[in-house]
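The block underneath contains the structure these notes are about, expressed in structure tokens.
There are 2 protein chains.
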Amino acid sequence: MSQDSSFYFPAPRAQRFCSQCGTPLTQIIPPEDNRLRDACGRCGAIHYQNPRNVVGVLPIWQDKVLLCRRAIEPRYNTWTLPAGFMELGETTAQGAMRETQEEAGAQIALGKLYTVIDVPHAEQVHFYYLARVLSPALYPGPESLDAAFFALPDIPWDNLAFRTVATTLQHYLRDKPSGIFPVHHYDIPAPRPE
Amino acid sequence: MSQDSSFYFPAPRAQRFCSQCGTPLTQIIPPEDNRLRDACGRCGAIHYQNPRNVVGVLPIWQDKVLLCRRAIEPRYNTWTLPAGFMELGETTAQGAMRETQEEAGAQIALGKLYTVIDVPHAEQVHFYYLARVLSPALYPGPESLDAAFFALPDIPWDNLAFRTVATTLQHYLRDKPSGIFPVHHYDIPAPRPE
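Chains V and R, in that order, are what the protein sequence lines are.
Position 73, counted from 1, in the first sequence is what the working numbering calls 73; the numbers after and before it change by one each time, with no gaps.
Position 91, counted from 1, in the second sequence is what the working numbering calls 91; the numbers after and before it change by one each time, with no gaps.
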């Protein structure tokens, strides 16, 4: 089997068949639960779904911030901090370092957890760590069109990928004069309809 | 269909059939990915899996902490802070309040995010908020055998449900004299084999 990349797609939230026995699912409120779940009337498996974590880094090299230009949807061709979905078996810190390697090919020393951002309409929680870049050599991976360092006054505010990226950078600019970088925890509200 | 509660079980991580088309799954490394995923050779759906968040509260009433005695596995009959899996569409704060209502029936005013704990061997991240209990009336739900207030010297350290509960309580005891409660972020290492 050697399908090309256009054949594959991430399974969406909507589930139609039981992952355990292949039977079509029904929606029920299970005993002692209080909301509808996808359940299998044949084998009894309940298919809970939960929010996902996005883990990333705010990497600094000589007062410049490392950003990646996205080679994938959503937000193709916009600039982002290196970040991606947390994987099984890793910590948020390990995931953030892995994403920095995969998207920018950058060598970093990870710093402290900096922003924790609830994004309920996207069913996500985002975590950004501070990091120090150890070498200016960058090797952007297949998910990035480019990776580059931006002096803080040159951050492309009008072309950033996500509000969690923009707000994390804003917190950094605000905290930098004091040199104190506490954990910032906040929510991103759902976008208003146009 | 009215199955009793013993019929149902949470679907485990191991997936055998495609949730989109019911076809048996195979494991492949998808194009431009770098690890094995459960994928469908018929429709192309890739079934990623990700860690889950557990959200809870450290609720205080007149210098006493509210704990619940678990009526469910794992750790049946041990004491826990009110907490549970984060649901789709809610923030970590909303989930923490919901779990407090479901497990203890307690009225609370939610405070700040207090601990963020990576538990990679359990494929989880735990979040605990500080909270002030508004009334001593408790109405434990079906997942709790009991809910009760403990003076801090009386915390049942030998019978707590999880290390994230114990360490969150330990941080609280340590921070209380100063009245300063910063966000604590740390990892829980895998338990050592006996």
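For every residue, glycine included, the Cβ atom is placed at its ideal position computed from N, Cα and C.
(1) By alpha-carbon positions, which one of R:His185, R:Asp187, R:Pro189, R:Asp154 ends up nearest to Asp63 of chain R?
(2) If you measure from the beta carbon of Glu103 of chain V to each beta carbon in chain R, is any gap under 8 Å?
(3) Taking all protein chains shown into account, decide if Pro156 of chain R is buried (16 or more other Cβ within 10 angstroms of its Cβ) or exposed.
(4) Note down the Cα distance separating Met1 of chain R from Arg52 of chain R, rounded to an integer number of angstroms.
(5) Is any beta-carbon of chain R found at less than 8 Å from that of Val116 of chain V?
(6) Using the Cβ count rule (16 or more neighbours within 10 Å means buried), how would you classify Leu173 of chain R?
(7) Determine the extent of the beta strand (DSSP E) in which Gln124 of chain R is found, giving its start and end residues.
(8) Helix, strand or coil: which one does DSSP assign to Thr80 of chain V?
(9) For His185 of chain V versus Val116 of chain V, is the C-beta distance shorter than 8 Å?
(10) Among the residues of its own chain, which have a CB less than 8 Å from the CB of Asp187 of chain V, if the five just before and after it don't count?
(11) Report the rounded CA-to-CA distance for Pro74 of chain V versus Phe85 of chain V, giving the unit in angstroms.
(12) Based on DSSP bridge pairs, tell me the residues matched to Cys68 of chain R.
(13) Any idea what DSSP makes of Tyr172 of chain R, helix, strand or coil?
(14) For Glu32 of chain R, decide whether its Cβ has a neighbour in chain V, counting only Cβ atoms nearer than 8 Å.
(15) Contact criterion: CB-CB distance below 8 Å. Does Thr92 of chain R meet it with respect to chain V?
(16) Could you spell out where the beta strand (DSSP E) holding Gln27 of chain V opens and where it closes?
(17) Taking only beta-carbon atoms, is Cys18 of chain R less than 8 Å away from chain V?
(18) With DSSP as the reference, please indicate the residues paired to Asn53 of chain V in a beta bridge.
(19) Compile a chain-ordered list of the residues in the segment 66-95 of chain V whose CB is closer than 8 Å to at least one CB of chain R.
(20) Given that Asp4 of chain V touches chain R, what residues does it touch there, using C-beta distances under 9 Å?
(21) Might you give, ordered along the chain, the residues of its own chain that have their beta carbon closer than 7 Å to the beta carbon of Ala93 of chain V, omitting 5 neighbours on each side?
(22) Within the same chain, show all residues whose beta-carbon is closer than 7 Å to that of Val221 of chain V, passing over the 5 residues directly before and after it, in chain order.
(23) Is Asp63 of chain V helix, strand or coil when you go by DSSP?
(24) Label Ile60 of chain V either buried or exposed according to how many other C-beta atoms from any shown protein chain fall within 10 Å of its C-beta, with 16 as the threshold for buried.
(25) Would you say Pro191 of chain V reaches chain R, if we count a Cβ-Cβ gap shorter than 8 Å as a contact?
According to the structure data:
(1) R:Asp154
(2) no
(3) exposed
(4) Unreliable placement is indicated for Met1 of chain R, whose pLDDT of 49 sits below 50; the coordinate value is still reported in the next sentence. If you take the alpha carbons of Met1 of chain R and Arg52 of chain R, they lie about 30 Å apart.
(5) yes
(6) exposed
(7) 124-133
(8) strand
(9) yes
(10) Ile117, Asp118, Val119, Pro120
(11) 14 Å
(12) R:Thr80, R:Ala147
(13) helix
(14) yes
(15) yes
(16) 26-28
(17) yes
(18) V:Val125
(19) Phe85, Met86, Glu87, Leu88, Gly89, Glu90, Thr91, Thr92, Ala93, Gln94
(20) Pro31
(21) Leu110, Tyr129
(22) Nothing about residue 221 of chain V can be read from this structure; chain V reaches only from 1 to 194.
(23) coil
(24) buried
(25) no
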